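Colleague: Questions regarding the structure given below will be posed in turn.
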Ligand code: HMG
Ligand code: MG
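Numbering (this note's numbering), first residue to last: 13 to 313.
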């Protein structure tokens, strides 16, 4: 068994994390959070989403966030785009990557973006075509890959089918998401192997919510089969307003601590990251869910 020597972390805390917060987080806090994460070594970050503000009010200021963030060379500032209107917002805000999002659960698709899986793929085609023309890379996410909040059985073959369609459409990375955090390691291996049968292993990413405390074990299973693209969320923030029961993503600090211990390079300064986790947690008025952030706090100066 051999692990990758290096991985790329994609930070989703500002979008997937904060989208679930009931109280609106001021723009300047989001901006400071992004800048602190980049200072800690994050190279790819989801800064918000151009979705309907009626559906996700917390993301209504994404254009302001993007306008205020001091951009650093070589950093990916990515936004979620559900349709052409979202794509236009992304271009106007100078996003240098976009993310489209479909899934393996029909019910979740209806509740999250008000259309079927097939309709979502049709809706994304013009978005990807426009991004290709404009030279903007597209990442894609496949939700509910290990279970549905609505009790449907999710077949590995369905996850693979949607992943392949998104890859064939032109997405350079396909993030396989455990939206409600129900996966366990052997299941994760089986689903990822089914996806790797139809698209290259090196374009597959993983996005684990930690609802049942399985996310690090699942990540380890993904590393074992050679996955190098990991979504992470500072302070373990996260959830999806349209996935009942979904809690936070696996914390970036916990992932970085594990990677450091395994000798897998990710380019992130753990102390700076932990300080950033406490920055946003203090603002939100509760401690990070991350054990690492709690354990290291007393050692920070
Ligand atoms: P709809 O109601 O079917 O669409 O929503 P519509 O075309 O009828 O538009 C409804 C209203 O939204 C209209 O405004 C549009 O103008 C407006 P009104 O006339 O009522 O005033 N609108 C927009 N406004 C701003 N930006 C836009 C936009 N598009 C339409 N881009 C729609 C369809 C897709 C818009 C809606 O369902 C939506 O915004 N959904 C987003 C939900 C969302 O953001 N969910 C969370 C992200 S996914 C996630 O967290 C999972 C992930 O983390 C991976 C995982 O863990 O699984 C990625
Ligand atoms: Mg998510």
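No residue lacks a Cβ here, since even glycine has one placed at the ideal position from N, Cα and C. Remember, predicted model here, so these are calculated numbers, not experimental data.
For chain E, check one thing: does any of its Cβ atoms lie closer than 8 Å to the Cβ of residue 311?
Modeller: No chain E appears in the structure shown, which is made up of a single protein chain.
Colleague: Nearer than 7 Å: is that true of the beta carbon of residue 267 relative to any heavy atom of ligand 1?
Modeller: Residue 267: no, Cβ never under 7 Å from ligand 1.
Colleague: Going by CA-CA distance only, name the one from 304, 79, 260, 286 that's closest to residue 59.
Modeller: Comparing Cα-Cα distances from residue 59 to each of 304, 79, 260, 286, the minimum goes to 79.
Colleague: Can the beta-carbon of residue 270 be found closer than 8 Å to that of residue 15?
Modeller: Contact flag unset, no.
Colleague: Determine the closest residue to residue 115 out of 41, 156, 42, with distance taken between C-alpha atoms.
Modeller: The shortest C-alpha separation from residue 115 is found at 156.
Colleague: Confirm the yes/no value for this check: CB of residue 189, any heavy atom of ligand 2, distance under 7 Å.
Modeller: Yes - ligand 2 has a heavy atom lying nearer than 7 Å to the Cβ of residue 189.
Colleague: Determine the closest residue to residue 82 out of 51, 176, 100, 92, with distance taken between C-alpha atoms.
Modeller: When only C-alpha atoms are compared, the closest one is 51.
Colleague: Do residue 249 and residue 260 have their CB atoms nearer than 8 Å?
Modeller: Going by C-beta atoms, residue 249 is nearer than 8 Å to residue 260.
Colleague: Quick check: what's the CA-CA separation for residue 308 versus residue 239?
Modeller: Rounded to the nearest angstrom, the two C-alpha atoms are 27 Å apart.
Colleague: Does residue 200 come out as helix, strand or coil in the three-state DSSP assignment?
Modeller: Correct three-state label for residue 200: helix.
Colleague: Taking the alpha helix (DSSP H) that residue 141 belongs to, which residues open and close that run?
Modeller: Unbroken alpha helix (DSSP H) run through residue 141: 129–146.
Colleague: Assuming residue 85 and residue 39 are in contact, meaning their beta carbons sit under 8 Å apart, how far apart are those beta carbons, in whole angstroms?
Modeller: Rounded, the Cβ-Cβ distance is 23 Å, inconsistent with contact.
Colleague: Can you say whether residue 30 is buried or exposed, counting buried as having 16 or more other CB atoms within 10 angstroms of its CB?
Modeller: Counting Cβ neighbours within 10 Å, residue 30 comes out buried, since at least 16 surround it.
Colleague: Label residue 310 either buried or exposed according to how many other C-beta atoms from any shown protein chain fall within 10 Å of its C-beta, with 16 as the threshold for buried.
Modeller: That one is exposed.
Colleague: Under DSSP, the alpha helix (DSSP H) around residue 217 begins and ends at which residues?
Modeller: Careful: residue 217 lies outside any alpha helix (DSSP H), inside the beta strand (DSSP E) at 216–220.
Colleague: Is any heavy atom of ligand 1 found at a distance shorter than 7 Å from the C-beta of residue 67?
Modeller: Checking the Cβ of residue 67 against ligand 1 gives yes.
Colleague: Let me check one thing: in DSSP terms, what residues is residue 9 bridge-paired to?
Modeller: The structure shown has nothing for residue 9, since the chain only spans 13 to 313.
Colleague: Would residue 179 and residue 215 qualify as a contact pair, given that the criterion is a beta-carbon distance under 8 Å?
Modeller: In contact: residue 179 and residue 215 (Cβ atoms closer than 8 Å).
Colleague: Give a yes or no on whether the C-beta atoms belonging to residue 272 and residue 285 are separated by under 8 Å.
Modeller: Not in contact: residue 272 and residue 285 (Cβ atoms no closer than 8 Å).
Colleague: By how many angstroms is the C-alpha of residue 117 removed from the C-alpha of residue 190?
Modeller: Cα to Cα, the separation comes out at about 11 Å.
Colleague: Taking only the alpha-carbon atoms, compute the straight-line gap between residue 209 and residue 297 and give it to the nearest angstrom.
Modeller: Taking the straight line joining both Cα atoms gives about 45 Å.
Colleague: With which residues is residue 113 paired in a DSSP beta bridge?
Modeller: Looking at the DSSP assignment, residue 113 forms a beta bridge with 153.
Colleague: Just list the residues that DSSP pairs residue 190 with in beta bridges.
Modeller: In the DSSP output, where bridge partners are listed per residue, residue 190 has 220.
Colleague: May I ask you to check if the CB of residue 119 is nearer than 7 Å to at least one heavy atom of ligand 1?
Modeller: No, Cβ of residue 119 sits at least 7 Å from all heavy atoms of ligand 1.
Colleague: For residue 152, which residues in the same chain have their Cβ closer than 6 Å to its Cβ, ignoring the five residues on either side in sequence?
Modeller: Excluding residues within five positions, the ones whose Cβ falls inside 6 Å are 112, 178, 183, 186.
Colleague: How many whole angstroms separate the CB atoms of residue 288 and residue 48, which I take to be in contact at a CB cut-off of 8 Å?
Modeller: Between residue 48 and residue 288 the Cβ distance is about 4 Å, and since that is below 8 Å, they are a contact.
Colleague: Within 10 Å of its beta-carbon, does residue 141 have 16 or more other beta-carbons around it, so buried, or fewer, so exposed?
Modeller: The residue is exposed, with fewer than 16 neighbouring Cβ atoms inside 10 Å.
Colleague: Less than 7 Å separating the Cβ of residue 125 from some heavy atom of ligand 1?
Modeller: Yes.
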